[in-house]
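Protein chains in written order, with my numbering: chain G, 81 to 310; chain P, 81 to 310; chain X, 1035 to 1098; chain S, 32 to 279; chain Z, 3 to 227; chain C, 3 to 227.
Beta carbons are placed, not taken as given, at the ideal position from N, Cα and C, and that holds for glycine.
Single-structure report; data block below.
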Amino acid sequence: MSQAASPSTGHAFLATLKRDLVIAYKRKNDMLNPFMFFLIVATLFPIGITPDPERLGEISAGVLWISALLASLLAMDNLYRSDYEDGSLEQLLLCPYPLYYLVLAKNLAHWLVSGLPVVLVSPLIAYMLNLPQEAYLTLFLTLLMGTPVLSLLGSIGVALTVGLGSRGLILAVITLPMSVPVLIAGTLAVQQTLNGAPLLAYLAIMGAMLLTALTLAPLASAAALRISVN
Amino acid sequence: MSQAASPSTGHAFLATLKRDLVIAYKRKNDMLNPFMFFLIVATLFPIGITPDPERLGEISAGVLWISALLASLLAMDNLYRSDYEDGSLEQLLLCPYPLYYLVLAKNLAHWLVSGLPVVLVSPLIAYMLNLPQEAYLTLFLTLLMGTPVLSLLGSIGVALTVGLGSRGLILAVITLPMSVPVLIAGTLAVQQTLNGAPLLAYLAIMGAMLLTALTLAPLASAAALRISVN
Amino acid sequence: MIEAIQFASFSEFLDMGGYGFNVWSVYGLFTVFVAANLISPVMKRKRIVRDLKRRAVVNEQQSN
Amino acid sequence: MNWTWFHKLGSPKWFYELTSKWLPWLIGAMVIFLAVGVVWALLYIPPDYQQSYTTRILVIHVAVAGTSLAFFPLMAVAGTITLVWRMKLADMVAKNAAPLGAWFSFITLATGSLWGSVMWGTWWEWSDARLVSMLFQFFLLVGVVALRSALEDNDTAARACALLSIVGCINVVIIKYSVEWWNVLHQPSSPLSMSGESANGPEFWVPTVVMIVAVYLFFAVSLILATRNEILQRERKAAWVQELVSKA
Amino acid sequence: MSEAITDKYDHKHNDRIMLTAAELFCERDDRVLFANLNLQLQEGQVLQIKGSNGSGKTTLLRILCGINDSYEGDILWYGNPRDKQAEQFLGSLLYIGHRVGVNKVLTPLENLRWSASLQRDVSDAELMTALSRVGLRGFEYSQCFSLSAGQQQRVSLARLLVTGARLWVLDEPFTTLDVSGVALLESMLADHANSGGAVLVTTHHTLSVPDLRILNLDANREERL
Amino acid sequence: MSEAITDKYDHKHNDRIMLTAAELFCERDDRVLFANLNLQLQEGQVLQIKGSNGSGKTTLLRILCGINDSYEGDILWYGNPRDKQAEQFLGSLLYIGHRVGVNKVLTPLENLRWSASLQRDVSDAELMTALSRVGLRGFEYSQCFSLSAGQQQRVSLARLLVTGARLWVLDEPFTTLDVSGVALLESMLADHANSGGAVLVTTHHTLSVPDLRILNLDANREERL
Ligand code: HEM
Ligand SMILES: Nc1ncnc2c1ncn2[C@@H]1O[C@H](COP(=O)(O)OP(=O)(O)OP(=O)(O)O)[C@@H](O)[C@H]1O
Ligand SMILES: Nc1ncnc2c1ncn2[C@@H]1O[C@H](COP(=O)(O)OP(=O)(O)OP(=O)(O)O)[C@@H](O)[C@H]1O
Ligand SMILES: [Mg+2]
Ligand SMILES: [Mg+2]
């Protein structure tokens, strides 16, 4: 890690970030889909549970968070899969720069493409699900800080399972339990704002989660990738 | 299709069914995971929405159906993917027997492995989510008839998207809207049983859906596969 | 510390003060649990030994 | 520092021989403790004024539940050893601990809810941190087992599961605290808290302690038996295994 | 150049002409891959399709088999349009592409059993013989992901031995084979041709098969330009 | 057999010995792939690794590069343990495996740009030159999924031209190349060796490269038995 801050590590970081964004841009769906999935899953609830606005309003914060979590989970599958299949992952592992930064670049690109759109559209869905107005800001901010954590955690799961033929589900089984604390913190924040509690304390907690995830999760992902490619 | 009932078509049907079951058995997780996913997603709701048993009971039918739908959706990914990637799908298309039966065999194997376990465990989760007792039988029966429909519909979506690099989500975006009618019929049946309506009418609707899906969906899947491999 | 046996009759023992189902389910489950996790490794060991023996025989035949 | 003891510890052969010596004693002790514990619990515990004979459930529940908490720390430690020192024995233990741990968690959940249905009038309660975190411990253990069986290569599987065990261990702790915290703020402290049970006298806690010891012994015996099988399988080409098999 | 090849045909044995492609035209991404391509394949013939990278060999094979249908022109099977008698055509066809159709989780035996079942009923004994003939004795029960690249290719070659198909269409079947593997496959091709079958094969190798005919897609293109 | 090879080395130039593998041992699924394997690679050498299918060529390359670490024995880089100086080692290494590391969605240019950035900073002009040298002029901006198998392989070969790496490790780089592609790659290998680089390559082809050294894994195994 001695070279951590050398200009070439930064160069490789940016090149990887840019590459992943270009791939996502070319595939188009990569950007649209998490977003559409979020929308569709969120609309399943009024259909499956109740169309009554009042009762919807009560469950809407949870529904939004769960939908965001599932959308994030489904989007994860793309993160290392194609790189594994075409051999790019081996290149990544055999690159002389610390893997931490390259994994971080990939995670960042992935969140920009699949997490951020979900965060941006959340107020609209919140409106459709009749979330009480006072909770909008909290929901938005917690999602903004929480979805990167979900991506970073999910990345570990994907890295562990990237070599498997049957994907999707085992990934879910590994990743969902890890996401539960984020879900709890997120819904709790929304609930408490509705009860009039100050927002800042919850944001601080989310921020702490995000920082911890940022420093530790890419290390775990990097280790997992090395294990999987072996 | 003139050979439809010839012994060799049946032979190919059984061989394909057996092959897919053996693959699932060897992968183990293929069998365990849809089940675990269903369990875990269902537990996200009490955590994300409310732990209060009474309010849980109100939403539990919807939650169960939505979880089953998502589990079925996630499991779909395995259906044709590995066959596409290793070239087995081309073999399937170049086989002299009607593709309809082979697709049906693959769908059947897939449901046995991923759909049936979900149906079997549903009463337990219904209990944990505090579903009213009178609704158990309806829930079980509608899931038993509904999940094959979900599989058959999902199969079309997978067949259309099997050649795409980024999977998962586009599949969801195509398949989920198709599944909404099943979701509506299922939750409605449960709701109406709670209101004391006779069960049989809903089962008849579900049965009709199942029959239609059985005759038409494999045809659509077969056509979609031909398009994807081209 | 050890008082007398708590039950006058066997049926009372089975009834467990009205909670027979719960108590006996727990003990039943516990028994299955303990037995399964002891018997299965023992059975597996037998299988492994048999397998290894067969393999040794095959190897010997091959090397002869 | 002299590391020979450490490497000796990692030798499957050493472990196999050592456990060969200890197993009879362990099994004997286990049988005695189990028998005494079960008989005492079933026949002699007096009925609680409030809970009647259901305290008999508690004897099993507490013993199994306590032991089930040992699995993740155990697997995390073994995982660290696997990742850092590549010690094969650690992975053999970890591999067999995961399914056993899933069993323990499941029995904890089952006995807990069998008792809950009496005490709380409900089989399951989402607002209790201990229940929810135990459920997720169960999920995570099943996840480790699933990952193990999904990865075909032994070495890859060992390290992947080691990593997952470490992450999972942290996670179980976090889930537990977050649920607690969630409920504390959510609603007045759960009336179903498990702690502070009616002040039980020695006629209750002595058999409980006996049972706890018995279950720990059972845990050790089962894990050792499974690990020995694993050793036989993985070391099947070693001379000492072949010799042992030919004598068996 | 179409004449160049057609002239060589033995016009007396028209009933032995299995596959005919007439005036094939294919363009991809605005690049014409081939135009006016004619080819005939008789029973007992091995036709190697040559051409530089990207000249359209794979595309041509996939068009002839019917996997790819973005072409113009006619494809005949024993003189009649191929698509009108798909069942007979498919019943006599065996195609092995770049991706060889070997499932990684299954064992060679299980893979072969399924592939065979799509064409005809084959006993396990026959399958085992085929596997050992392609050099996989001892690997019948290993899962395929643990086989090397060449060994996986060999699993797909075993299909040639158990199928009843008369027409083999092989896309670069030699890529990862070692020297003994190449010799084996060449002898299999020769045997098949001898017994009245026909083979369409692409490869950059120089094949040593008796009576080999060669279609060079590059020549075709140059002549056209 | 270890002596057989070692003896040929020029012991006066020990400081020019890039890569040394000593007493390598590897076993997979209870089959010993190689034991007691010794090899040395000096600057300016091309070493071809031969062996029948499944003899362990791919495994050996991956072990030498450090992708696979289930082996016993020592691997040295300029005389010191490889893993102690991973950064220098990786900075001088270029590995192209069976799966060539070409993303299907990106264009050849984009693929090459990223691969190069993992090693050093390269201008687009250089990249374009490299691409046309490997015969992809006109395809720089097509997405790779629309390239033929051989063209995709050529994209990966362009990496050899833009990297500064001294050690090339290539796993069957010839598989889908046509005749001109094979000639091109052979000349690239020779040039690289001439300029003081070293090459480790597996292939079933007969390479025509000056001063080629060959390590036959089959021979190694037979001697051991
Ligand atoms: C599914 C439901 C339950 C689960 C998952 C569960 C889980 C646990 C766990 C993990 C422990 C171990 C704590 C430790 O050793 O530190 C424990 C201990 C204990 N449980 Fe439960 N439990 C459940 C239901 C119950 C019920 C219904 C009661 C009675 C009201 C109960 C009473 C106790 C007591 C008294 C202890 C031992 C004292 C202590 O360590 O605090 N449990 N349980
Ligand atoms: N993941 C694995 N698990 C177990 N065994 C494996 C695995 N990968 C390869 N092997 C075994 O290792 C042996 C060597 O494989 P390897 O891929 O190194 O061969 P190779 O020399 O490259 O062959 P080829 O010429 O076919 O590419 C094979 O016999 C194979 O069965
Ligand atoms: N899916 C596709 N979309 C657009 N163009 C394609 C597609 N597939 C192939 N092509 C183009 O068709 C041409 C021929 O490809 P093909 O795979 O048939 O070549 P080939 O002769 O098999 O080459 P190789 O020897 O490399 O295997 C290539 O130039 C390629 O650019
Ligand atoms: Mg081709
Ligand atoms: Mg190889």
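Less than 7 Å between C-beta atoms, sequence neighbours within five positions excluded: which residues of the same chain meet that for residue i?
| i | result |
| --- | --- |
| Pro212/G | Gly137 and Leu274 |
| Arg99/P | none |
| Ser144/Z | Thr109 |
| Thr153/S | Gly147 |
Could you confirm whether any beta carbon from chain G is found closer than 9 Å to the beta carbon of residue i?
| i | result |
| --- | --- |
| Thr267/P | yes |
| Leu195/S | yes |
| Trp56/S | no |
| Val70/S | no |
| Tyr97/C | yes |
Are any of the Cβ atoms in chain S nearer than 9 Å to that of residue i?
| i | result |
| --- | --- |
| Ser1059/X | yes |
| Asp213/C | no |
| Asn113/P | yes |
| Pro126/P | yes |
| Val1076/X | yes |
| Ser136/P | Note that residue 136/P corresponds to Leu in the displayed sequence, not to Ser. So, interface residue. |
| Ala300/G | yes |
Just checking: is the beta-carbon of residue i within a distance shorter than 9 Å of some beta-carbon in chain C?
| i | result |
| --- | --- |
| Gly167/G | yes |
| Asp122/S | no |
| Leu223/S | Confidence at Leu223/S is low in this model, with a pLDDT of 49, below 50, so the placement of that residue should be treated as unreliable; the coordinate-derived value is given next. By this cut-off, Leu223/S is not an interface position. |
| Gln218/S | Because Gln218/S sits at a pLDDT of 48, beneath the cut-off of 50, its placement in the model cannot be relied upon, and the following sentence gives the value as read from the coordinates. Gln218/S does not count as touching chain C. |
Quick one: what's got a C-beta closer than 8 Å to residue i's C-beta in the same chain, skipping five residues either side?
| i | result |
| --- | --- |
| Gln271/P | Ala141 |
| Leu279/G | Leu217, Thr218, Leu221, Ala269 and Thr273 |
What does a CB cutoff of less than 6 Å around residue i pick up in its chain, not counting 5 residues either side in sequence?
| i | result |
| --- | --- |
| Ser301/G | Val183, Ser235, Ile236 and Ala239 |
| Ala151/G | Pro114, Phe117, Phe118 and Val198 |
| Pro222/S | No answer about Pro222/S holds up, because its pLDDT of 45 lies below 50 and its placement is not dependable. |
Mind checking whether the beta-carbon of residue i lies closer than 8 Å to any heavy atom of ligand 5?
| i | result |
| --- | --- |
| Gly137/Z | no |
| Lys59/C | yes |
| Ser150/Z | yes |
State yes or no: is the C-beta of residue i nearer than 8 Å to some heavy atom of ligand 3?
| i | result |
| --- | --- |
| His206/Z | yes |
| Arg33/Z | yes |
| Asp173/Z | yes |
| Gln153/C | yes |
| Asn55/Z | yes |
Should residue i be counted as a contact of ligand 4 given a C-beta to heavy atom distance under 8 Å?
| i | result |
| --- | --- |
| Lys52/Z | no |
| Thr177/C | no |
If you measure from the beta carbon of residue i to each beta carbon in chain X, is any gap under 9 Å?
| i | result |
| --- | --- |
| Arg87/S | yes |
Is residue i close to chain Z? Criterion is C-beta to C-beta, closer than 9 Å.
| i | result |
| --- | --- |
| Ser150/C | yes |
| Pro212/P | no |
Would you say residue i lies against chain P (beta-carbon separation less than 9 Å)?
| i | result |
| --- | --- |
| Arg30/Z | no |
Examine ligand 2 and report whether any of its heavy atoms sits within less than 8 Å of the Cβ of residue i.
| i | result |
| --- | --- |
| Asp184/S | yes |
Checklist entry - Of all the residues that make up the segment 62-90 of chain C, which are near chain S by a beta-carbon distance shorter than 9 Å? => result Closer than 9 Å at the C-beta level to chain S, one finds these residues of the segment 62-90 of chain C: Asp71 and Ser72.
Next on the checklist: Along the segment 153-177 of chain Z, where does the CB come closer than 7 Å to a CB of chain P? Name the residues.
Outcome noted: Here the close residues number zero.
Next on the checklist: Closer than 7 Å between beta carbons: that is the criterion. Which residues of the segment 33-67 of chain C meet it against chain Z?
Outcome noted: Residues passing the 7 Å Cβ filter: Ser54, Asn55, Gly56 and Thr60.
Next on the checklist: Beta carbons nearer than 8 Å to chain G: which residues of the segment 174-195 of chain S have them?
Outcome noted: Under the 8 Å Cβ criterion, the segment 174-195 of chain S contributes Gly174, Ala177, Leu178, Ala181, Leu182, Asp184, Asp186, Thr187, Arg190, Ala191, Leu194 and Leu195.
Next on the checklist: Any contact between the segment 88-106 of chain C and the segment 144-163 of chain C? By contact I mean 3 or more CB pairs, one from each, below 8 Å.
Outcome noted: Remark: three or more beta-carbon pairs, one from each stretch, lie closer than 8 Å, so the segment 88-106 of chain C and the segment 144-163 of chain C are flagged as touching.
Checklist entry - When you check each C-beta in the segment 139-171 of chain S against every C-beta of chain G, which residues fall closer than 7 Å? => result Sequence-ordered contacts of the segment 139-171 of chain S with chain G read Phe167, Phe170 and Leu171 [C-beta pairs closer than 7 Å].
Item to check | Contact the segment 118-130 of chain Z vs the segment 46-62 of chain Z: 3+ CB pairs below 8 Å | outcome: Contact between the segment 118-130 of chain Z and the segment 46-62 of chain Z is absent, because fewer than three Cβ pairs lie under 8 Å.
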